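Numbering (this note's numbering), first residue to last: 21 to 410.
Written out as structure tokens, the structure reads:
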């Protein structure tokens, strides 16, 4: 079957959309221009319904074509607080402290390409819900849309998203069953001791010593104390205490990013980490204050949705062109919030390493994969009609 001709013919238009979005990245929950641009395009395509400011900054577009089935397609549109240093093209970010370092400009453009094609051809049955949302990494935008009643208003039966992966060869499409994106949590630890002078360490209780043991304990957790088949990363990203050579501080604060692919850790980790860190502090005659906040859940691909997606991809490219061993990533994704409410799958598309790695200042989305991704998204919708007509 190959790529969808009408989508290939609109490749240049998708590039223009992508470059425009790339020039003007906006921080999470402040994407006024981006959201307005998306809504304007959906209306110009002839969408049956377009809603703005859903869950803060989200945009919902609906195409209807009879039938009772309902499928959802989602893409995030926020930028990241990284200053762009690569990209010599005329579409380099014009916001000094922000850029599209995750490729949301490209992922939105692929979804817009599918949206335009589906709006014009209507070769599907049922309703298609297009979800464009804010604050991908923070999880706020997805949760806000859900809390505003997304799935009550639109009882989606399956939901898909397409994320670019530099480590995959350019244009390769991969989808597997199970966890594909990590849960992310924030761990904040404050150890409170007793201040003093370095000349009389016996009169103080140095919280830095206890904190060092806390760091070792956390490292033990990640190096095999738990199931080796369930990766866990606890990365200490900040330690703050004291300020001079002679003063022993009263307290020290540690910050860590926690990431895992086993959903059972969501309830297990905060309880056990709190208890064990508190015991370490007590052993040294100090106390610990532990705060643990979930940011995004594990993104788990549903088996039935994966089978459906693989069928759609094979329709386009043939059985040999589907990578069924999708690698899991410790990158977080708030798509997990959607997939906790509705069966679906997060599909990977190769960006190729020549365009740099995600969350780096030299990363750029690969324009050559735009029609590939848009064709995959469109085919996911059109396949529903064939299933319903059988």
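Ideal Cβ positions, reconstructed from N, Cα and C, are used throughout, including at glycine.
Just so it is clear, the structure is predicted and the values come from calculations on it, not from any experiment.
Suppose the cutoff is 7 Å on Cβ atoms and the five residues either side in sequence are ignored; what does the same chain contact list for residue i look like?
{"i": "residue 395", "result": "23, 24, 27, 336"}
{"i": "residue 56", "result": "none"}
{"i": "residue 175", "result": "90"}
{"i": "residue 67", "result": "81, 82, 83, 139"}
{"i": "residue 216", "result": "223, 224, 268"}
{"i": "residue 72", "result": "55, 59, 79"}
{"i": "residue 313", "result": "205, 206"}
{"i": "residue 51", "result": "77, 97, 98, 154"}
Flag this pair as yes or no: are the beta carbons of residue i and residue j separated by less than 8 Å?
{"i": "residue 380", "j": "residue 203", "result": "no"}
{"i": "residue 238", "j": "residue 254", "result": "yes"}
{"i": "residue 402", "j": "residue 89", "result": "no"}
{"i": "residue 397", "j": "residue 91", "result": "no"}
{"i": "residue 155", "j": "residue 98", "result": "yes"}
{"i": "residue 277", "j": "residue 233", "result": "no"}
{"i": "residue 78", "j": "residue 152", "result": "yes"}
{"i": "residue 352", "j": "residue 279", "result": "yes"}
{"i": "residue 382", "j": "residue 105", "result": "yes"}
{"i": "residue 390", "j": "residue 130", "result": "yes"}
{"i": "residue 283", "j": "residue 310", "result": "no"}
{"i": "residue 161", "j": "residue 48", "result": "yes"}
{"i": "residue 186", "j": "residue 300", "result": "no"}
{"i": "residue 194", "j": "residue 343", "result": "yes"}
{"i": "residue 110", "j": "residue 38", "result": "no"}
{"i": "residue 112", "j": "residue 101", "result": "no"}
For residue i, does the three-state DSSP call read helix, strand or coil?
{"i": "residue 180", "result": "strand"}
{"i": "residue 202", "result": "strand"}
{"i": "residue 77", "result": "coil"}
{"i": "residue 306", "result": "coil"}
{"i": "residue 68", "result": "coil"}
{"i": "residue 371", "result": "coil"}
{"i": "residue 117", "result": "coil"}
{"i": "residue 256", "result": "strand"}
{"i": "residue 311", "result": "strand"}
{"i": "residue 49", "result": "coil"}
{"i": "residue 25", "result": "helix"}
{"i": "residue 209", "result": "strand"}
{"i": "residue 386", "result": "coil"}
{"i": "residue 342", "result": "strand"}
{"i": "residue 298", "result": "helix"}
{"i": "residue 216", "result": "strand"}
{"i": "residue 195", "result": "coil"}
{"i": "residue 364", "result": "strand"}
{"i": "residue 318", "result": "coil"}
{"i": "residue 410", "result": "Model confidence at residue 410 stands at a pLDDT of 45, short of 50, so the residue's coordinates are unreliable; what they give is reported in the following sentence. Reduced to three states, the DSSP call for residue 410 is coil."}
Return the chain-ordered list of same chain residues with a C-beta closer than 6 Å to the C-beta of residue i, the five sequence neighbours on each side being excluded.
{"i": "residue 285", "result": "none"}
{"i": "residue 305", "result": "225"}
{"i": "residue 416", "result": "The requested residue 416 is not part of the displayed model; the chain covers only 21 to 410."}
{"i": "residue 159", "result": "315, 316, 354"}
{"i": "residue 260", "result": "273"}
{"i": "residue 197", "result": "321, 323, 326"}
{"i": "residue 393", "result": "130, 182, 369"}
{"i": "residue 332", "result": "399, 400, 403"}
{"i": "residue 290", "result": "312"}
Starting from residue i, follow the beta strand (DSSP E) in both directions and report where the run begins and ends.
{"i": "residue 240", "result": "Counting along the chain, residue 240 falls outside any beta strand (DSSP E), though it belongs to the alpha helix (DSSP H) covering 227–240."}
{"i": "residue 276", "result": "271–280"}
{"i": "residue 331", "result": "No beta strand (DSSP E) contains residue 331, which is instead part of the alpha helix (DSSP H) from 323–337."}
{"i": "residue 153", "result": "147–153"}
{"i": "residue 41", "result": "Residue 41 -> not in any beta strand (DSSP E); alpha helix (DSSP H) instead, spanning 31–43."}
{"i": "residue 350", "result": "349–352"}
Kindly list the residues whose CB is nearer than 8 Å to the CB of residue i, restricted to its own chain and excluding five residues on each side of it in sequence; keep chain order.
{"i": "residue 338", "result": "none"}
{"i": "residue 53", "result": "44, 46"}
{"i": "residue 410", "result": "Caution is warranted here: a pLDDT of 45 is assigned to residue 410, below 50, making its placement in the model unreliable, and the coordinate value is therefore given only provisionally. Same-chain partners within the cutoff: there are none."}
{"i": "residue 166", "result": "75, 357, 358, 361"}
{"i": "residue 142", "result": "83, 85"}
{"i": "residue 256", "result": "235, 238, 274, 275, 276"}
List the endpoints of the continuous alpha helix (DSSP H) containing residue i.
{"i": "residue 380", "result": "Note, residue 380: premise wrong, no alpha helix (DSSP H); not H, not E."}
{"i": "residue 129", "result": "124–141"}
{"i": "residue 356", "result": "355–361"}
{"i": "residue 224", "result": "It is not in any alpha helix (DSSP H) - residue 224 carries neither H nor E in the DSSP assignment."}
{"i": "residue 173", "result": "170–173"}
{"i": "residue 167", "result": "160–167"}
Say the cut is 7 Å; is the CB of residue i nearer than that to a heavy atom of the ligand GTP?
{"i": "residue 392", "result": "The ligand GTP is absent from the structure shown, which contains no ligands of any kind."}
(message) Ignoring anything shorter than 3 residues, give me the beta strand (DSSP E) runs that lie fully in the segment 81–106, in order along the chain.
(response) Counting whole runs of 3 or more residues, the segment 81–106 contains the beta strand (DSSP E) stretches 90–96.
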